[in-house]
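2 protein chains.
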Amino acid sequence: MDATRLERQIEFLKEVDRLKLIERQSVVSGTRRPETSAEHSWHVTLMALVLSEYAPPGVDLARVQAMLLIHDLVEIDAGDLLLYADDAARARHARREQEAADRLFALLPSPDGERLRALWDEFEKRASPDARFAAALDRLQPLLANFMSEGATWRRHGVTAEQVRAKNQHIADGSPELWRFAEALIAESVRRGYLPTNTEPP
Amino acid sequence: MDATRLERQIEFLKEVDRLKLIERQSVVSGTRRPETSAEHSWHVTLMALVLSEYAPPGVDLARVQAMLLIHDLVEIDAGDLLLYADDAARARHARREQEAADRLFALLPSPDGERLRALWDEFEKRASPDARFAAALDRLQPLLANFMSEGATWRRHGVTAEQVRAKNQHIADGSPELWRFAEALIAESVRRGYLPTNTEPP
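In structure tokens form, the structure reads like this:
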């Protein structure tokens, strides 16, 4: 055992404890308490396990789960951003996330850090079927959370069904079946009054 | 796509949201806020990814991660139990966990529910090298959390180094290297005054 190697891995695992302090826009079902990014990361990685049959043929579940376990670590430095933020805010946030990835993955010894950084880049760019399936789950989880909380986040930010559909339709690139489910969930959210449409009076 | 199958999988994924409401004995580093079981589950599954090289040859990382993602779901019904609770409390808690597993995994369609239930049983009994490695990580994570919080949970419950060593030494069955690291961490905790020994004045 190379002590220095293990020591660096442990330092990384200590540092990422802070993902438990990052609050998301979604709330935990039945409460008004925001879920943390660590909780979201667990939920979405479990979704990959339970929903793996809806991945396109050839998708590697282990790589999908690795992406989902690390996809939000950059929020330790950069924070969470509302999915419906404007372009300037998104560009600033993307730069902060790159700097965060530079810092965090470099805590690991080589080649672990480079390997996880490459996985994170692949996820961010949705550069493979694995990444597109992971990204689909990362969008489906907050849709479910919003549905369970009767649209709490949507209503707080005045988001419409058209915006939700536009921002989430890349679920279709990761899993056509899960996109059909998501579309039905959005329609049901409108029907129940959780989510207004552009043509409705507010 | 069998709609009923997906609907049941989604109902399971909604129900497990409640793991975000279960508070553990460990606190999040730098705070007095207990970590939730969902956060712990994320952290320990990420540990499996980062520390996989310390698993014995032949251990299947995907099975280890699946066990860790689901290992605490039973706490949704049964709650968390202090590792150092007495035998009667442990027996009562084990019965409640079995009932919780019966209920929760039956939410899933067949054969998913049976498959995850078998994985959970295997983990609980530490019945394979995969389960013993997963169990080692499940013990190492709270050791790290306690170290980072300067022994907050140990001190609150008056736990001694001898108890910590006895309750955690099955880490050795999952990974001799990680047990050597854990032993060093316990010794350093004593040296720093985070953890008393039996022979020390309180």
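Protein chains in written order, with this note's numbering: chain A, 1 to 202; chain B, 1001 to 1202. Just so it is clear, CB atoms sit at the ideal spot from N, CA and C, and this is done for glycine as well. In this text the structure is predicted, and so the values were computed from the model without any measurement.
Taking a Cβ-Cβ cut-off of 8 Å, Asp1130/B has no neighbours in chain A, whose nearest Cβ is about 14 Å from it. The three-state reading of DSSP puts Glu1023/B in strand, counting E and B together.
One thing to note: Phe1147/B has its Cβ within 7 Å of the Cβ of Leu1185/B. For chain A, the residues of the stretch 1161–1178 of chain B that bring a beta carbon within less than 8 Å of one of its beta carbons are Glu1177, in chain order. DSSP, reduced to helix, strand and coil, places Thr1160/B outside both helices and strands of the structure shown, so it counts as coil. Relative to the Cα of His157/A, the nearest Cα in the group Glu7/A, Arg32/A, Asp77/A and Ala85/A belongs to Ala85/A. For Pro1111/B, no pairing in a beta bridge is given by DSSP. In the three-state reduction of the DSSP assignment, Glu99/A falls in the helix class, which pools H, G and I.
The residues Arg1126 and Gly1174, in chain order, have a CB closer than 6 Å to that of Ala1135/B in the same chain once the five nearest residues on each side in sequence are set aside. Interface annotation for the stretch 15–28 of chain A against chain B: Val16, Asp17, Arg18, Leu19, Lys20, Leu21 and Val28, criterion Cβ-Cβ distance under 8 Å. Identification of chain B residues near Leu143/A by a Cβ-Cβ cut-off of 9 Å yields none; the smallest Cβ-Cβ distance measures about 11 Å. Contact annotation for Ser1041/B against chain A: Trp42 [CB-CB distance below 7 Å, chain order]. A distance below 7 Å separates the beta carbons of Lys1020/B and Val28/A.
With contacts defined by Cβ atoms closer than 7 Å, Leu1049/B and Leu69/A form a contacting pair. Secondary structure of Glu150/A (DSSP, three-state): coil.
Burial state of Ser41/A is buried, judged by a 10 Å Cβ sphere holding 16 or more other Cβ atoms. For Gln98/A, the closest Cβ of chain B is not nearer than 7 Å.
In the same chain as Gln65/A, and ignoring 5 residues on each side of it, the C-beta atoms closer than 6 Å to its own belong to Thr45 and Ala48, in chain order. At least 7 Å separates the beta-carbon of Arg1096/B from that of Ala1118/B. The stretch 1027–1077 of chain B contains, as complete beta strand (DSSP E) runs of 3+ residues, the segments 1034–1036 (chain order). By alpha-carbon distance to Ile171/A, the top candidate from Glu150/A, Pro142/A, Ser189/A and Val190/A is Pro142/A.
Looking at Ala1187/B, Thr1197/B, Leu1178/B and Arg1103/B, the one whose alpha-carbon comes closest to that of Ser1052/B is Leu1178/B. Secondary structure at Thr4/A: helix, using DSSP grouped into helix, strand and coil.
Here DSSP, grouped into helix, strand and coil, assigns Arg1180/B to helix. Assignment of Gly1174/B by DSSP, reduced to helix, strand and coil, places it in the helix class. Counting C-beta atoms within 10 angstroms of its own C-beta, Pro1196/B has 16 or more neighbours from the protein chains shown and is therefore classed as buried.
For Met67/A, the nearest beta carbon of chain B is not closer than 7 Å to its own beta carbon.
Annotated three-state conformation of Ser189/A is helix, per DSSP.
Leu1013/B belongs to the set of residues whose beta carbon lies under 7 Å from a beta carbon in chain A.
Taking 7 Å as the cut-off, the Cβ atoms of Leu1116/B and Phe1012/B do not count as close. With fewer than 16 other Cβ atoms inside 10 Å of its own Cβ, Asp1102/B counts as exposed. Counting only the Cα atoms, Thr199/A lies some 44 Å from Asp17/A.
Leu83/A places its beta carbon less than 7 Å from that of Lys167/A.
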